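Since the structure comes first, as structure tokens, the remarks are kept for the end.
Residue numbers (the numbering used here): 4 to 377.
Structural data, given as structure tokens:
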């Protein structure tokens with residue numbers, strides 16, 4: 004086909020426009036410091052060197068800046084992610100696994116080894132766990148305070164059936180199973196492993212988000228219920244909130260932390276299981292705003308009080324406790340939440356002096372059972 008002169012001009016114009024568009028977008032858009040699509044900081048614009056001895060570093064630094072900031076880069080990365088996940092069912096980064104039927108799982112070398120039971124404890128490591136937890140338990144028991152080590156199962160523990168086919172189990176026991184068995188036979192440390200509870204509950208209703216690493220409101224309630232029932236024989240003043248499957252509803256929501264990690268929260272929306280309405284609002288929050296979002300709550304130490312309940316709880320916890328907090332805060336006269344687990348004995352002693360708890364809980368998700376003190 005022979006192009007006429009006007010056609011050639013249009014074609015050349017389109018070609019030049021496509022070449023210049025990224026540069027035009029780059030110079031007319033505010034510089035970003037973080038990549039939503041890649042969850043990382045972008046390279047900053049380098050300082051122009053005044054010392055000739057470091058002048059040779061400037062080209063490499065400018066190239067890194069340009070590669071991170073050229074126009075439309077974030078849009079192209081997002082569409083690349085959509086192509087990989089939506090059409091090819093392959094994750095564009097190592098930190099997210101694309102499972103079956105729309106399920107996402109946390110990736111990364113350490114997490115994969117843990118899921119595959121390919122990272123067993125050695126005898127010395129288990130003995131160290133026993134020594135550290137026993138020291139905490141014994142120190143608290145001497146002061147009339149109960150200690151409980153709570154293990155929250157990560158999603159692959161409860162829903163292994165939706166993992167990618169390539170993720171196979173190579174060991175007979177997980178680290179969590181090893182640890183629970185060892186502590187039961189070598190210590191007096193009370194341990195509450197919530198894995199069996201969540202396994203049973205999933206036949207009634209889905210207990211985890213499909214696009215998030217955490218359990219949903221129903222799964223967190225099942226963990227909460229088992230925890231309160233474990234504590235009530237020694238602390239009858241603690242309230243148990245009685246909810247059923249009818250207390251929860253399915254609502255459409257944007258994708259969770261794993262979808263956000265792919266910059267696909269809106270593209271990977273999911274039916275989320277949530278409470279139909281908030282639990283009875285007895286709890287009064289101190290230390291943060293009562294309506295603070297999960298990111299702030301996860302990073303903050305704060306307290307709640309409820310005059311209708313009994314018992315004082317000091318809880319060292321990770322992000323899995325976020326969904327349990329609305330229930331726990333209605334069940335105890337006082338709770339102080341500390342975003343630190345594992346926690347060193349000195350921190351326990353300091354908080355005990357301030358909070359005067361009846362119970363100290365150290366909650367840990369199975370993916371963080373690495374060392375007893377971090």
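Just so you know, even glycine gets a beta-carbon here, dropped at the ideal spot from N, CA and C.
Treat the numbers as computed from the prediction; the structure is a model and nothing was measured.
Put residue i into one of helix, strand or coil per three-state DSSP.
i, result
"residue 269", "coil"
"residue 162", "coil"
"residue 121", "coil"
"residue 196", "strand"
"residue 109", "strand"
"residue 135", "helix"
"residue 203", "helix"
"residue 168", "coil"
"residue 149", "strand"
"residue 241", "coil"
"residue 383", "Only positions 4 to 377 of the chain appear in this structure, which leaves residue 383 out of reach."
"residue 116", "helix"
"residue 44", "strand"
"residue 308", "strand"
So residue i and residue j are supposed to be a Cβ contact under 8 Å. How far apart are they, rounded?
i, j, result
"residue 384", "residue 346", "Nothing about residue 384 can be read from this structure; the chain reaches only from 4 to 377."
"residue 117", "residue 367", "About 13 Å; that fails the 8 Å criterion."
"residue 154", "residue 197", "6 Å"
"residue 120", "residue 177", "5 Å"
"residue 250", "residue 278", "6 Å"
"residue 211", "residue 162", "6 Å"
"residue 132", "residue 182", "6 Å"
"residue 376", "residue 135", "6 Å"
"residue 334", "residue 244", "7 Å"
"residue 222", "residue 248", "At roughly 12 Å, the Cβ-Cβ gap does not stay under 8 Å, so residue 222 and residue 248 are not in contact."
"residue 179", "residue 331", "At roughly 22 Å, the Cβ-Cβ gap does not stay under 8 Å, so residue 179 and residue 331 are not in contact."
Just to confirm my understanding: we take residue i, look at its own chain, exclude 5 residues before and 5 after, and list those with CB closer than 7 Å. What are they?
i, result
"residue 302", "342"
"residue 246", "224"
"residue 257", "268, 269 and 272"
"residue 200", "225, 226 and 229"
"residue 114", "370"
"residue 158", "108, 211 and 216"
"residue 283", "333"
"residue 354", "317, 339 and 341"
"residue 207", "248"
Take residue i and list the residues in its own chain whose beta-carbon comes closer than 6 Å to its own, dropping the five residues that flank it on each side.
i, result
"residue 288", "307"
"residue 339", "306, 317 and 358"
"residue 213", "105, 106 and 273"
"residue 185", "129"
"residue 349", "none"
"residue 275", "254 and 256"
"residue 140", "150 and 192"
"residue 103", "165"
"residue 259", "212, 214 and 215"
"residue 242", "312 and 334"
Less than 8 Å between C-beta atoms, sequence neighbours within five positions excluded: which residues of the same chain meet that for residue i?
i, result
"residue 99", "107, 108, 109, 110, 261, 264 and 265"
"residue 137", "190, 191 and 192"
"residue 149", "143, 193, 234, 237, 238, 361, 362 and 363"
"residue 336", "240, 308, 309, 310, 312, 313, 314 and 315"
"residue 220", "251, 276, 277, 278 and 326"
"residue 93", "87 and 101"
"residue 84", "40, 95, 265, 266 and 267"
In the DSSP assignment, find the unbroken beta strand (DSSP E) run with residue i in it and report its ends.
i, result
"residue 338", "337 to 341"
"residue 365", "362 to 368"
Could you give the first and the last residue of the continuous alpha helix (DSSP H) run that contains residue i?
i, result
"residue 230", "220 to 234"
"residue 315", "Element bounds for residue 315: not the alpha helix (DSSP H) but the beta strand (DSSP E), 315 to 319."
"residue 183", "178 to 189"
"residue 100", "Note, residue 100: premise wrong, no alpha helix (DSSP H); beta strand (DSSP E) at 99 to 101."
"residue 355", "348 to 358"
"residue 332", "328 to 332"
With a threshold of 8 Å between beta-carbons, can residue i be considered close to chain D, or not?
i, result
"residue 322", "Looking at the structure shown, chain D is missing, and only one protein chain is on hand."
Residue ranges of each beta strand (DSSP E) within the stretch 245 to 306, 3 or longer:
251 to 256, 273 to 278 and 287 to 289
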